[in-house]
Amino acid sequence: MNREFSNVYGDERRAGAYADLEFPGTYYLAFRDLPELIGKHVKGPDALDFGCGTGRSSRFLKELGFGVIGIDIAEAMLGHARERDPDGDYRLVPDGNLSPLNELRFDLVFSAFTFDNIPDAKKRTALLRDLGRLLKEEGRIINLVSAPEIYVNEWTSFSTEDFPENKTATSGDLVQIVMLDVPDQRPVEDIFWADADYRDQFENAALELLETHHPLGKDSDPYTWASENRVSPWSIYVLRQEGRTGT
Ligand SMILES: C[S@@+](CC[C@H](N)C(=O)[O-])C[C@H]1O[C@@H](n2cnc3c(N)ncnc32)[C@H](O)[C@@H]1O
């Protein structure tokens, strides 16, 4: 696909729909294992939520006890985050420029679904490198993204059946997916990235991949799964800066 990518989250109607979304269905699975993963890898309380959107992921981190700064490039999304969490720290940043945070260091740089919307391998690598520089000595990046499989299966919370072209997507291509849990059922446009390209970008950004987790649906989950107990819709990468210490 050659169409130009524009961040769909700059749109007020989309932002409003997203603001009401908590953790239903397939999203439950994205967040289900994070407390354990964070407990295993993260040693302190200071977190940056990169691409915080309407603040869902920031509020999740706050409930785990983190002090959180949420950053995003879409004012439409940040407005909702501030409305829901008036005491929260939600900041607009220029696209691809983390210099407003230069003086800060974090135990956790968390990113939920943000890299689904970032085009251009070079830009992604530069952002990942900059996020790595914001880590404390034992800090970790946890990067939760859509797995390639999400765009070619049917899910409890998503449908892709109207987009057969997703099946031939390669890294950097636009793909489409409909969110079934929000009233705004216009397709969301994401950018497809293969796992191998994520790994290349991490390596080029001087990040060491410590763990990759693909959460699968279980019978004990409070949802009836469509494909989720067969194939994972999500990839969760745990990273640190190369050459850093700690377990
Ligand atoms: C799918 S939303 C996820 C929001 C939130 N993390 C959550 O889990 O609810 C992705 C967000 O990433 C933001 N985003 C996209 N590119 C970005 C960039 N280069 N820097 C910061 N935020 C970005 C979008 O504006 C959008 O709000």
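Under the working numbering, think of the first position of the sequence shown as 945, with each following residue one higher.
All C-beta atoms in this analysis are idealised placements derived from N, C-alpha and C, irrespective of residue type, glycine included.
Within 7 Å of the C-beta of Ala1070 there is not a single heavy atom belonging to ligand 1. Spatial neighbours of Cys996 in its own chain (CB-CB distance under 7 Å, excluding positions within 5 residues in sequence) are listed in chain order as Ser1002, Gly1014, Ile1015, Asp1016, Ala1025, Tyr1034.
A distance criterion of 7 Å places the beta-carbon of Arg1000 in contact range of ligand 1, judged by its closest non-hydrogen atom. Taking each of Leu965, Gly1032, Ser1101, Arg1143 in turn and checking the Cα distance to Asn1087, the smallest one comes out for Arg1143.
Taking 7 Å as the cut-off, one finds no heavy atom of ligand 1 near enough to the beta carbon of Gly969. Where Thr970 is concerned, the enclosing alpha helix (DSSP H) starts and stops at 969-976.
Here Glu1007 carries a helix assignment [DSSP, helix/strand/coil].
Rounded to the nearest whole angstrom, the C-alpha separation of Asp955 and His985 is 35 Å. Using a cutoff of 7 Å, the CB of Asn1061 counts as near ligand 1, since one of the ligand's heavy atoms is closer than that. Relative to the non-hydrogen atoms of ligand 1, the Cβ of Val1053 never comes closer than 7 Å to any of them. In this structure, ligand 1 has no non-hydrogen atom nearer than 7 Å to the beta-carbon of Met1123. Ranking Pro1030, Val1089, Leu1042, Ile1135 by CA distance to the CA of Gly999 puts Pro1030 first. For Gly1032, the Cβ stays outside the 7 Å cut-off from all heavy atoms of ligand 1. By the beta-carbon neighbour count (other beta carbons within 10 angstroms, threshold 16), Ser1101 is buried. Its chain contains Leu981, His985, Arg1084, Ile1086, Leu1154, Glu1155 as the residues whose beta carbon lies nearer than 7 Å to that of Val1182, once the 5 sequence neighbours on both sides are disregarded; these appear in chain order.
For Gly1014, the three-state secondary structure derived from DSSP is strand.
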